[in-house]
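Everything on this sheet refers to the single structure shown next.
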Amino acid sequence: MAAATAQLDSHPLANQNRAQYLFPLCAAGTLIHNIQKDLSVDQLNDIHGSLYMAEAEWGISPLHSQRIWGRNIVICEDAGLHLLWYDDIIYIKPMPLYLLDQEYFQQHVRQTANDTKELVNGFLKSYRSLIQHPSDVKVANISGLLPETFTWDRWVEYVDAVIDPSLSGPYNKRYEYGELKLRNLNWLMFLLRCRRYHFPHGSYHNLLRRRLTTIIAIFSVIALSLTAMQVLVGIQWAPTYIQKISYWFAISSLLFLAGAIAVVPRIAEPEAELGLCLFVQVLGLAGHPEIWHAAAQYFSEERADDYTDELEAQLFCV
């Protein structure tokens with residue numbers, strides 16, 4: 006690790022104020038404050054007793070396995086998103102420079118208070134599982150998780166000198182769990198705190214791309230089922246039990262749609278809004294402007310200004 010330390014020492018900022026180079030530009034305050042802010046997982050610890058419901062059964066998979074499964078590694082500076090996965094993406098926080106600098110780590114970071122040390126140990130523990138093979142180091146270099154000059158030999162040296170000794174100490178309770186399923190975590194936060202944890206869709210384009218097939222399939226099945234039952238009920242000699250089944254299925258479908266519109270917005274509001282618009286389209290009401298404008302009242306005035314034109318263009322081909 007001497008080579009890594011020498012490289013840091015050669016940086017123009019390192020000799021004047023090493024912490025200024027090792028920490029983000031937005032960092033301000035004491036060493037403990039900066040580390041706790043950078044590695045904070047308070048929201049996850051707040052619901053720690055229920056995190057087992059969002060835990061992936063395989064723990065933490067190495068980086069090369071993430072690629073085998075077709076996942077895109079998305080770097081994030083928020084430690085609260087570290088090791089959260091959703092569909093084909095997984096969020097991973099890059100290794101901070103103040104942890105990679107062995108000299109600075111030994112002289113300053115390792116001497117911090119227990120709660121700060123637990124955050125550091127837990128984060129290092131996660132990287133011990135993420136990088137286990139030379140191919141993992143290459144993936145980390147390409148993904149921006151480790152500096153491009155960081156080789157497998159340097160990683161082995163770093164593990165022996167820094168990570169393995171840290172694993173013998175206490176670590177933050179969040180890292181009792183490995184990868185967490187973001188979808189399950191959002192539901193947990195909704196049930197326990199009446200809000201979602203993180204919304205992974207950056208735009209309606211991404212939402213449509215990921216959910217359009219599922220939404221159309223659900224509403225198409227419901228619409229076709231109701232149409233078939235309407236035909237059956239219209240037959241004069243249809244058995245009574247057929248009429249009862251059709252009646253209760255129709256009631257159940259309406260309750261399901263009403264519940265989806267009322268409940269889902271609390272955890273995934275844009276998805277519920279899009280579902281409502283698709284519901285209007287699937288039922289063949291797109292040709293009636295007054296119905297679309299009535300449905301648009303579901304949106305707040307602020308959101309209607311932002312989304313109405315885009316949704317009309319995408320869904321109704323206006």
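Residue numbering for the sequence shown follows the working numbering, starting at 6 and increasing by one per position.
From the three backbone atoms N, C-alpha and C, an ideal C-beta is built for every residue, glycine too.
Assignment of beta-bridge partners to residue 90 by DSSP yields 95, 186. DSSP places residue 62 in the coil class of the three-state scheme, outside both helix and strand.
With fewer than 16 other beta carbons inside 10 angstroms of its own, residue 93 counts as exposed. Residue 48 and residue 38 have their alpha carbons spaced roughly 17 angstroms apart. Annotation: residue 199 to residue 162 spans about 46 angstroms, alpha carbon to alpha carbon.
Between residue 117 and residue 40, the gap from beta carbon to beta carbon is short of 9 angstroms.
In the DSSP annotation of this structure, residue 177 is not part of any alpha helix (DSSP H), being labelled neither H nor E. Approximately 6 angstroms separates the beta-carbon atoms of residue 203 and residue 86; this is inside 8 angstroms, confirming the contact.
Inter-residue distance for residue 245 and residue 235 is about 14 angstroms (C-alpha atoms, whole angstroms).
For residue 144, the number of other beta carbons within 10 angstroms of its own is at least 16, and it is reported as buried. Of the residues 81, 182, 220, the one whose Cα lies closest to the Cα of residue 63 is 182. DSSP places residue 37 inside the alpha helix (DSSP H), whose first and last residues are 36-43. The bridge partners DSSP lists for residue 78 are 95.
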